[in-house]
Structure formats: C-alpha cells, structure tokens
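A.B. asks: Got a structure for you, written out below as structure tokens; questions coming shortly.
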Amino acid sequence: MFQPRSIQSSLTLRDKILSIDYVLVFSMLILGITSMFAMYSTDGGEFKYHTNSHILRFFVFFVMFFLVSLVQIRFWHGTSYLIYFVIFILLLGVKYFGLTSSGSKRWLDLYFMNLQPSELMKIGLILFLAKYYHRISIENINSIRYLFIPITVLVAPIILVATQPDLGTSILIAAGGVVVAWLAGVRAKFFMFSGVAMIALLPVAISFLKPYQKSRILTFLNPERDPLGAGYQIIQSKIAIGSGGLFGKGFLNGSQSYLDYLPEKHTDFIFTLFSEEFGFFGSLFILLLYIIIIYRIIRTGNITRSNFGKLYCYSFATAFFFYVVVNMMMVLGLLPIVGSPLPIMSYGGSSMMAIMFGLGIVMSCKIYKDTPVN
Amino acid sequence: MLSPGSGNTVIKSKLISRRMFLITAAKAIVMFGLVGRLISLQINQATKYKSLSDKNRFREWKLAPERGAIKDFFDIEIASNEPLYQVHLVPENAKDLDNLFVRLKAILNITDKKVSYLKRVIKKQKPWEPVIVSENLDWADFSKINLFLHELEGVEPIVSVARTYPDNSSAHILGYVSQISAKDLQTKEYLQDLAVPGMAVGKTGLERKLDEQIIGKVGYQRYEVNAFGKRIREIKIDQGQAGKNFRTTLDYDVQKFTAELLKDKAAAVCVMDVYNGDIVSLVSSPTFEPNQFVHGLDKKYWNSLIKNEKKPLGNKALSGLYPPGSTIKTLVALSALENKIIRPLDTFRCKGKIELYGEKFHCWEKDGHGIVNLRKGIQRSCDVYFYEVARKLGVDRLSETAKRFGLGKKVLSDFIEERSGVVPNTKWKKKFIGQNWYLGETLHSGIGQGYFQSTPLQLCLMTAQIANGGFEIKPRIIFDERNDNLRKYLKYKNDNPNEPLPTDLLVSNFDLKPLFKNQEHINLIKDAMFSSSNEPGGTSYRHRLEDPNFTFAGKTGSSQIKRFTEAQREAEVKQESLPYKDRDHALFVAFAPYKNPQYAISVLVEHGGSGGKAAAPIAKKVIKKVLERHELRRSVNNQLGEAV
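Protein sequences, first through last, are from chains U and D.
Here the first sequence stands for residues 0 to 373, numbered as in numbering that gives the first Met the number 0.
Here the second sequence stands for residues 0 to 643, numbered as in numbering that gives the first Met the number 0.
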C-alpha cells in the first residue's frame, strides 16, 4: 500500500545530485553574480565592505541552499512547526533584546551577524501553514474551528513585525500566509470578508501608523508633494531608471547612484542602480531571471506528489513573486516606499538566508518529489 | 497514493493546482504591467529623465568677466583692474555657521551688523551659493585667512579683479562702477545673463555709456555635483571674455593738471580740439573718490558727498545748467551780422543803462562805455550794445543761430547725466511756459540771461566751432571714431592757395557743414574775441598770454544768480562781498592759439563772481598746459595718418 520508504530514503548522493534542478541553480547563480556587479557599482567601483560581504554571504548561503536541498523533505515537513516556533521566539527576542537602527527595532545581535528574524518568518509561516493544510482533511478546511490556528499563526508575527515597526515585511509575511490558505482551498468568501473587515479597520490602522509611514503613503499618492523630503526617493529613483534609457549609462556610470542621489542603493534600490547602468535591456534581463526562477519553483510544485510539497512550492513561488514585484513596483513609483529587499540582488544577510533556505526546501521537494511526507 | 485518504489527497491536489493556475495567470498580468512601466520610463520618457538626471548632476558657477580698461589718448589706463582679495563663504560646506562667524570675526574685522546681514543673505540663498564675507581685503588679512583656512570649513579665499582708478581727476567723465542693482537688471537687457555675484556695472559717465561692450562675456564653470551639492569634478570651464578696452581722447596729464587747479572750487573745465572735436579734458570739481564705489560705499562717505553744497557727484561740465551770460554775445553778434541786422561798424551809445517800457536795463559798467561798435562791444562786453542788437535781431533769429552752434541739445551720446539746456524763443515759451514773449526778455537773452541755459560742454563746442572758421564738428570722447575732414580741408587749402574751385564746392567735397553764410563774419567775431583778451580794456586782458604760440582769444561771462537790487547797484556792491550762494557764476570761453586755432576751452566757476577774475586765470593755465602738449598729441595723430 505505502510506497516503500526505502525507495527514496535510499537515494544515493549521486541520485540526489542528478535530480537537482540545474536550470534553477544556474539562474540563481547568474542572478547572484549580477548582484555582485551591482554591489561593486554601489561601492563606487571598488571592492569595499558591501561588495565583499555580499559575495561572502551569497556563497555561504548558496552552500546552505545545497545542504538544505539534500535533506529529506520529510525532515522539513516534520520540523515545520518547530522552525516556525523558533523563529517566533527569535521575533519575541527582537522585541526585548533587539538592535535599534534608524528608528526601528528589527535585528538580533548574533555576534557573527545581525539576524533579522522577520525575514526568516516569511518562510517560517509558509512552512507552518503548508504543513497545517496538508494535514487537515478537505472537509475541515472551511470550518471555522480549523481557521483559528491559521489566523493566530498569521496575525501574531505580523503584529510583532508591524510594531518594530516594519510595515513592508509584515505585509509580505501576511501575503505569504494568505496565499497558502487560498491555495489550500479556503473559500473566496472568507477572503472577501476579511478584505472588507480590513478596509473597515483601515482608519484604525492608519491612526497607529507612525508619521513617517503616513507621509510615505501620502507621498506615494503624490510624489511631487515634497520633492526634497519624502517624495525624494521615488522621484530620484524614477529619474535614475528613466535616464538609463534603452541601453543604460554603462557599468559604473550611473550618475544618480554615483553622486548619491539614490537612497538605499545597496538594499531596496539596487534594481534602480542596475537599471540605470544597464537600461531597459538590463532590467528585462533581471526580470527574466526572476521569471525563470519562479517558473522553476512552480514546476517543482507541479511534479511534487505530496500536497505539502505542492502547497509549499506554490506558496513560496507566489511569495517570491510578491517580493520581486513589490520591490520593483516600489522603485518604479507604482507602490509606496515600504522597504522590502529584492531577493538575492539586495544587500542583506537575513534576506539572503531566508531566500536560500526557502529555495533549498523547494529543491528538497524536487529531489524527494516522489516521497510521501508522512 | 494508496493511503486511506488518497481520494481526499487527490481532490486536494487538484484544488491546489486549480487555484495556483489562477494565481499564475494573475502573476503574468502583473509581470506585463512591470514591463510596461519599464517601457514607459526607459523608452518613452527616457529623454525627459535623462535631462532631469543631468540637471541633478551638473551645476554651473558663473565667473565674472574682467572689465575692459579705459585709456587716455596716450594709452595710459585711467580705469583699470587690480587683483582683489575676497573671502567667500559657501554655507553648505560649513559645519557650524555660528561658530565659523565667531572665528571669522576674530580674524577679520567684521562687525556684528555685517554678520547678521550675512546670515540673512544665507537664509535667502541656496546653500551652495557663496556669500561674500569680505569684499576687499588687504594682503595681510588675506594671508591670515589662508593661514587659518584648515579650521575654517566653508570659507574660500578668492582672488579676483576689481575696477580701480589711478586717481579722482577724471571721476566724473569716467563715472563709477558698483554692484548690479535690481533696477539695473530690469532696465538693462544685456545684464540678464550677467548676473554674477560680485559683478560691477557702470552707473555713470563712460563706465555707463560703454558698459555693454566693456563688461565682457560671463564665463562659467560646470561641475558635477553630488546629491549634497558638493563639487565632485570640474566638467567644463569657459573663461568668458574680458570686456573691450577703450581708448579715449582725454589727456590724463591735462586732466590731473586741471583737477588740481580746480580743487576746492565748484567748477568745470572743457577742452576740445576745434577740428575733430576730440575732448582733451573734461573736469568737474569738487570730485569724488570713484574707488570708494567699487566695493560698497561707506555710508559716512556717501552722506558727506550728498550733503556737500558744491555737489561733488554731479558732472558740472555735462549736466550743470548755467545761463551762458556774456559768452553768448559772440553768437548774438554773429547772428546779427549774418542776418544783416547790423554792420560791424554800426555804433550805439552806452550810458550805463537803457530804458524800455519803463523797465531799466543796466550795463555792468555803471558809467557806460560811450560809443560802442561790434568789436568794442565784445571786447568790453558792453551790455547796452547787445541790448540794442538783440532788440533789433529778435529772439527767434538768435535762437536759430545758437542752436546751429550746438546750444540747446546734447553734445555727446549715451551719457545719461548729460542735459540739453534751453535755447529760448517765442515758440518755446508758448509751449513750455504758456505765455507770450516779451521784448524785455529778448534783451535779457541778448546778454545770455533769462531763460538761456547751457552746459560748459556746449559753450566749449560753440567756441570751437567759431574757432575753426565756423564748421560743424561732432565732439567725441572715444578715440576710434575717426573724422578728420576739417583738418584735411584746411591742409588742402593751405597747399593749394590758388584753388580754382569755389569755396562752397570745396567744402562739400570734404563733407563739411559750414555754420555761416559769410565766413568773414566768423573772422570778425574771432577778432573781437582777440581784442577782448589781448587789448587794453578787454575783459580778460589781465590774464592774456603774450607768447604768440599761446595767445588765446576769449570771451568772459557771468551768469546772474540773483538780480541786483537798485540799492546794491547804487552802492556798487562787489561780488566778493555777497554771500557765496548769491554770487554770479563765472564763465570764460576761449580758443588758442589765436593765429592757428587748435583748442577751445570753456571754464565755469560756480559763484566765482566775474568771468574775467575767476574763470580766465584758470583758462590761461589750462591753455598753456594743453598747448605745451600739442606737439606730442599731434605726433600721435600723425602716426595714425591724420592730417596736420
């Protein structure tokens, strides 16, 4: 009846390596290398702190990605709840022991690195909910009783992150969670109700927003409102991208970033920098790499037999898509500046770690695609 | 697959896949949206954003061009440039402005008032625009600043150039320069692109007349700047263009000599070449220090200029209006001769006064001149003779002659301070005063009083045109407008004494405009002027020059400020005993040498009393000086191919 467990647990290392999705790995590598060029440019064409540590992080976490891939999916399924809770405790830790930088408390000092648990939570929540919806039967999915846990595990970290305050990350965490629930079959009606409820609660939420957050939203609605203040980032980012034109200003020639007009060029606005230097075709190239990566993740979901795997891959692909799209829309002036990194491209250890971990689990699904998880 | 819940699992799996399909479709749409946005920004609007990016990237600093020099006839610079040591402050480069000002105050002598003024300026400007902390430092202070520079962030020591004048002898004709005012920017179009901080523009005199050409073309430095306005590197520098240099007809040596003579007097002197109209000297006194205006005027000095009753700021030679007094008698006599009103030997009897319709008209000589003809009338400046001539001539004919000889209109162009004066006639009075002309006023006009108003420059021109034989000349002060037809004509006539051509044809060949009908009349006037200066009884006989090379022929004049009362006349009150403000203006016009006229001169001394006493001695000295330098001046002209 059961497929013998031994079939897959006895996969040799050679089998495992052969079944790795090399298109995905290759795309990741190209993106990683591209990001190194971009980072080198933000350092003014020198190997300085940002470039060196970005390169180091990429390779360290790339190795971690392989290690995670080679671990059986059954293990990740088994430890999903645990992973979620560990990250949740880290988030709580941030609340009490966190490092404060530019007005928000997001980081834990781990001596060898400053960890941002909210980034990890993006993956942790998807893992938790994928397992949860994998386990409950289809009849129960839409019963109120079984909605209690998902809502709790969704809302608790969001509140913690939003009060750091880090609006961007908390929205992206929520988006990931909501996608799992949607894919698992929670009724559209339910999402509609919560949507209406959220809109109703919007005025209350706005009253909790910090002044700078309000100003960001207002600025997004009209960037010229205060061109030297809050609207500055959006305007300068648009100028940088627009002035890149078809072919860009050339590597290391992005005057907007080189002359410090571009804010946060290492992190949130790395795409702007790249786009300024490599133009429309450069932007398309990056976009294409992301599309390939997302497609490969979805494809892994398609071929994975377990619903846990499917739920995880599809959700992660969608969340990944959100990360990319939200960041790009932000720098293209289509969304308010909420502060979200571009996966793999942006400078930032925790984000890189979370993405590589997430992709590692996808790859584990691919390698163990035929292994049932329980 | 075959687990107890396998059906369940399959349904679930299908559900998941169905929903994922929806999401993927939505993703595709969003991706297309992103690409669309990229197309819009990077392709459709690329030009717009490129220009915005360049606007971010480059910033230009304008460089004030060097003002052209003004030179005298002998190429001596009478308005030049000198290095100027300034301290500028770029607010954005300064860490702590308050602290910096405390430091600057300790190093330089800056008042608190100046500091608060600078702070106000800084608030109004962009943070990268420099403010000028010190306009003009001496070398000691400037090196002190350089010494402390490392602790004065934001402070920039600047070496630039500024206008400088060797002395104040020519202050009026040169004018002065000063900072561009808001009004300058509105009214002068050529300044629109030139608004550079610290730029000086000509406000009066030649500096103003020549401003557009002398100011030069503004240069600029183009820098790449970062988001904080800090200059990263220089992209391009355009030094601009220094202004054009100008050579004038003035003789700096004579200017200095004359200015020294006139010191402490309210007076003016004009000297003009009678053939080509070169203005050799034009001095007004008292003068002012033009260098004071270059770097923001000291208020105390300004007030002292404004309050001085001798009006040092006005150029008396160009803008002072004075009744021509007896100097007009030359023209009255000429007009009467030309209009055949009198003959030279017609006489009148001067008994000291005449009466007309019950009004008494006095001669300056209380006891009268006895029998007076034209020559004696001019020699002695007999008022009664000219009352009679004027009465017969009528004011309209007089005014026609006076205008022909240059009175009543501006002599030079583009001097805003120059005034045109008044040559009255019946029409003029009707138009401007709205009354009919009285015969009595004709009599006053006949001795240059009443409505007559003229500038010393006009009187000089009038005299020059008599001296050169009655030909029109166009006075000039800028050297390069050569016109030497009159000298060529005279040379030609000299070389060809038996010229068969009639004179008027010859005149037109040389493009000359005679101002006479019969040149003999001009000679009669010149002769009478000679007698006035060189024969006993002449009004300036005491101040003659006997050396024939220097002998001049002149005419005195005094323009009345206040009418003498009968009582004063009876008591023979002397001008010297009147209060300063009530004394007559003294005038003297002359040309020299008499035999071969070269220069005409007019001298005005405000409240100097009589022309013979106050103005003629000055004229005598200036004429001597000018004639001593005549050969030198001729030799320069010869080199330039002018006729002798």
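Every residue, glycine too, gets a C-beta built ideally from N, C-alpha and C.
Under the DSSP definition of a beta bridge, which residues are partnered with D/Thr110?
C.D. replies: Answer is none; D/Thr110 lacks a bridge partner.
A.B. asks: Please classify U/Phe147 as buried or exposed, where buried requires at least 16 other C-beta atoms within 10 Å of its C-beta.
C.D. replies: exposed
A.B. asks: Please compile the residues from chain D whose C-beta is within a distance smaller than 9 Å of the C-beta of U/Phe279.
C.D. replies: Neighbours of U/Phe279 on chain D, chain order: Leu37, Ile38, Leu40, Gln41, Ile42, Ala45.
A.B. asks: Between the segment 204–229 of chain D and chain A, which residues of the former have a C-beta closer than 8 Å to a C-beta of the latter?
C.D. replies: Any reference to chain A falls outside this structure, whose protein chains are U and D.
A.B. asks: Quick check on this structure: which residue in D/Ser283, D/Lys350, D/Gly611 has the alpha carbon closest to the alpha carbon of D/Ala552?
C.D. replies: D/Gly611
A.B. asks: Could you list which residues in chain D have their beta carbon closer than 7 Å to that of U/Phe320, in chain order?
C.D. replies: U/Phe320 reaches chain D at Lys26, counting residues in chain order whose Cβ is nearer than 7 Å.
A.B. asks: Using Cβ-Cβ distances below 8 Å, what residues of the segment 165–181 of chain D are close to chain U?
C.D. replies: Answer set for the segment 165–181 of chain D: empty.
A.B. asks: Go through its chain and collect everything with a Cβ distance to D/Lys492's Cβ below 7 Å, but skip five positions before and after it.
C.D. replies: Glu498
A.B. asks: Find out if the Cβ-Cβ distance for the pair U/Ile170, U/Ile233 is shorter than 8 Å.
C.D. replies: no
A.B. asks: According to DSSP, is D/Glu519 part of a helix, a strand, or is it coil?
C.D. replies: helix
A.B. asks: Decide if D/Asn595 is buried, meaning its Cβ has at least 16 other Cβ atoms within 10 Å, or exposed.
C.D. replies: exposed
A.B. asks: Which partner residues does U/Gly241 have in the DSSP bridge list?
C.D. replies: Paired residues: none, contrary to the question.
A.B. asks: Tell me whether D/Val410 sits in a helix, a strand or coil according to DSSP, three-state version.
C.D. replies: DSSP places D/Val410 in the coil class of the three-state scheme, outside both helix and strand.
A.B. asks: Under 8 Å, Cβ to Cβ, is there at least one residue of chain D near U/Asn447?
C.D. replies: The requested residue 447 of chain U is not part of the displayed model; chain U covers only 0 to 373.
A.B. asks: Comparing the C-beta of D/Lys11 with each C-beta of chain U, is any distance below 8 Å?
C.D. replies: yes
A.B. asks: Which value, in whole angstroms, describes the spacing of the CA atoms of U/Phe65 and U/Leu12?
C.D. replies: Their Cα atoms are separated by approximately 12 Å.
A.B. asks: What three-state label does DSSP hand U/Leu287 in the structure shown?
C.D. replies: helix
A.B. asks: Just to confirm the assignment, what range does the alpha helix (DSSP H) spanning D/Ala566 have?
C.D. replies: D/Ala566 -> alpha helix (DSSP H) spans 565–569.
A.B. asks: For D/Arg348 and D/Pro285, I'd like the C-alpha separation in whole angstroms.
C.D. replies: 42 Å
A.B. asks: At what residue ranges does the segment 198–276 of chain D contain a whole run of the alpha helix (DSSP H), taking only runs of 4 or more?
C.D. replies: 204–208, 210–213, 251–261
A.B. asks: Taking 8 Å as the CB-CB cut-off, is D/Asn7 touching chain U?
C.D. replies: It does: the Cβ of D/Asn7 has a partner Cβ on chain U nearer than 8 Å.
A.B. asks: Can you list, in chain order, the residues of the segment 325–336 of chain U whose Cβ is nearer than 9 Å to any Cβ on chain D?
C.D. replies: Met327, Met328, Leu331, Gly332, Leu333
A.B. asks: Starting from the beta carbon of U/Ala183, find every residue of chain D whose beta carbon is closer than 9 Å, and list them in chain order.
C.D. replies: Within 9 Å of the CB of U/Ala183, the CB atoms of chain D belong to Lys11, Leu14, Ile15, Arg18, in sequence order along the chain.
A.B. asks: Check this for me: beta carbons of U/Leu119 and U/Met328, under 8 Å apart or not?
C.D. replies: No, these two residues do not count as a Cβ contact at 8 Å.
A.B. asks: Run the CB neighbour count on U/Ile88, radius 10 Å, all protein chains shown included, and call it buried at 16 or more, exposed below.
C.D. replies: exposed
A.B. asks: Which residues, taken in chain order from the segment 79–103 of chain U, show a beta carbon closer than 7 Å to some beta carbon of chain D?
C.D. replies: Those residues of the segment 79–103 of chain U that come within reach of chain D (Cβ to Cβ, closer than 7 Å) do not exist; the list is empty.
A.B. asks: Quick check: D/Val160 and D/Leu83, are their CB atoms within less than 8 Å of each other?
C.D. replies: yes
A.B. asks: Assuming D/Trp436 and D/Val394 make a contact with CB atoms under 8 Å, what is their CB distance in whole Å?
C.D. replies: 6 Å
A.B. asks: Can you give me the Cβ contacts of U/Leu358 inside the same chain, cut-off strictly under 6 Å, excluding the 5 residues immediately before and after it?
C.D. replies: Phe64
A.B. asks: Which residues of the segment 25–53 of chain U have a Cβ closer than 8 Å to any Cβ of chain D? Give them in chain order.
C.D. replies: none
A.B. asks: I'd like the list of long-range same chain contacts for U/Leu128, defined as Cβ closer than 8 Å, with 5 residues on each side in sequence excluded.
C.D. replies: Excluding sequence positions up to five before and after U/Leu128, its CB lies within less than 8 Å of the CB of Pro149, Val152, Leu153, Gly176, Val179, Ala180, Ala183, Leu310, Ser314, all in the same chain and listed in chain order.
A.B. asks: Do U/Ser100 and U/Pro164 have their C-beta atoms closer together than 8 Å?
C.D. replies: no
A.B. asks: Run down chain D in chain order and give the residues with a C-beta less than 7 Å from the C-beta of U/Thr317.
C.D. replies: Ile22
A.B. asks: Measure the C-alpha to C-alpha separation of U/Leu258 and D/Asn225 and round it to an integer number of angstroms.
C.D. replies: 4 Å
A.B. asks: Judging by CA-CA distance, which residue of U/Leu272, U/Phe321, U/Ile360, U/Leu30 is the nearest neighbour of U/Gln235?
C.D. replies: U/Leu272
A.B. asks: Return the chain-ordered ranges of every beta strand (DSSP E) run that is complete within the segment 588–621 of chain D and spans a minimum of 3 residues.
C.D. replies: 598–604
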